[in-house]
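Every letter in the sequence shown is one number past the one before it in our numbering, and letter 36, counting from 1, is 19.
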Amino acid sequence: MIIVGGTMDSMQLMVGTWYIVIAVFLSPAYFRIVYLFLTQKKYRDLECYRIMTQIGFVQLTAAPTTFALGVMQLTDGDRFKIANFFMVIFSASMSVEIMLSLVLAINRLKVIFDIEKLDPISKVLNIFSWFYGFSYVVIVHTPLCGFYQLPGQYIGKYDFNKPYTWLLEKIDAYLLISCVCTTLLLYMTIIVYMAYLRSRSSNVARLTKERSILIFAGVHFCFDMTLQVAFFFANLPPGDLSDLLVALVYFLNALLTAPVLYLLLTRSLRLDFVLIFVKLLRGPINTVSVVVSSSHVSSQNVQSRYY
């Protein structure tokens, strides 16, 4: 049993407030995007968006996690272990997210290179991703392995007092690094192929899609790779500030990076995203009609970007 103790200081109070602000103000935009992926047929019919919806689900576990951790820091306690439970869920979700990112990369390779034989591989890996995540949560709640976070601490930690925690950490580390490296390699292959196509054609649309894929893949996987290396392999300076920095980057990567990239790179999604605000403001009928019309026209372009 881990005993919570200590006195809440000003840093703990500040961090608790930050966490609640992050959960309350950053998650609604991502919830809106995932809702659009689920409810609109033009997204739902495309396999790549179905995969991105799953990634959205696992990344959104950061919302209740940051909120619960914020309450834990502000109250200096976690009586019912709610924050600790959500932290375990979030830890598992990071593993699932990276494996689903590999599934998405395989899907892109399948579509662009027209290799239908990759479809069974992506489906099996998709199922395995969720199986691994659920197994992670279950095994961490047994006497075999442990993972915890306490008030006054700013990052979750493995409990090495349990006999097989070291094995879980090693498996998780090498599995995730392998997935990130493989995913990056696949995107590099896609980019090289698209550059080859560009050398044989002056098609501006091809060039635009190449740049968008490069930005999305580069930014997303640079974050993922940096985080995994920092958490598992880098010898960061000991102290609360280092732990807090890593934790904040994890949470911001989950709740901010993907929504910003989606909205920057997909015009149709931007229009769909703001349409609800236009309706809430009850603007002129002709203004709404223009937005809907633009959304309808650009909805055809979104398929060429991601499918």
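Positions of the beta carbon are idealized from the N, C-alpha and C atoms, including for glycine.
- Item | DSSP state of residue 14 mapped onto helix, strand, coil | helix
- Query: For residue 141, which beta-bridge partners are listed by DSSP?
  - Reply: 130
- For residue 137 and residue 227, believed in contact at Cβ under 8 Å, the rounded distance: 4 Å
- Message: Using 8 Å for Cβ pairs, my map puts residue 131 next to residue 82. What's the rounded Cβ distance?
- Response: No, residue 131 and residue 82 are not in contact; Cβ-Cβ is about 24 Å, not under 8 Å.
- Task: Would you mind stating whether residue 2 and residue 88 have Cβ atoms separated by less than 8 Å?
- Result: no
- Message: Let's see if you can read the secondary structure: which residues bound the alpha helix (DSSP H) around residue 103?
- Response: Taken as a continuous stretch (DSSP letters only), the alpha helix (DSSP H) holding residue 103 covers 101 to 123.
- Query: Excluding the five sequence neighbours on either side, which residues of its own chain have a C-beta within less than 7 Å of the C-beta of residue 267, listed in chain order?
  - Reply: Below a pLDDT of 50, predicted positions are generally treated as unreliable, and residue 267, at 49, falls in that range; no measurement from the model is reported.
- Item | 7 Å CB neighbourhood of residue 145 in its chain, flanking five on each side removed | 126, 127, 128 and 129
- Item | Euclidean distance between Cα positions of residue 55 and residue -6 | Rounded to whole angstroms, residue 55 and residue -6 show a C-alpha spacing of 13 Å.
- Query: What do you reckon, are the CB atoms on residue 41 and residue 80 nearer than 8 Å?
  - Reply: yes
- With a cut-off of 8 Å on the beta carbons, I'd call residue 17 and residue 39 a contact; round off their distance for me. 4 Å
- Task: Assign residue 219 to buried or exposed, taking buried as 16 or more other Cβ atoms, counted over all protein chains shown, within 10 Å of its Cβ.
- Result: With fewer than 16 other Cβ atoms within 10 Å, it is exposed.
- Item | Cα-Cα separation between residue 206 and residue 234, rounded to whole angstroms | 12 Å
- Message: Distance check for residue 12 and residue 230, CA to CA, integer angstroms please.
- Response: 21 Å
- Item | residue 178, enclosing alpha helix (DSSP H) - first and last residue | 148 to 183
- Is the beta carbon of residue 73 less than 8 Å from the beta carbon of residue 48? yes
- Beta-carbon proximity list for residue 278, same chain, < 8 Å, skipping 5 on both sides: Only weak support exists for where residue 278 lies, its pLDDT of 40 falling under 50; the coordinates are left without a value.
- Item | Residue span of the alpha helix (DSSP H) that contains residue 47, given as start and end | 45 to 58
- Query: Per DSSP, what kind of secondary structure is residue 206 in: helix, strand or coil?
  - Reply: In the structure shown, the three-state DSSP call for residue 206 is helix.
- Is it the case that the Cβ atoms of residue 69 and residue 51 are separated by a distance below 8 Å? A contact, by the Cβ cut-off of 8 Å.
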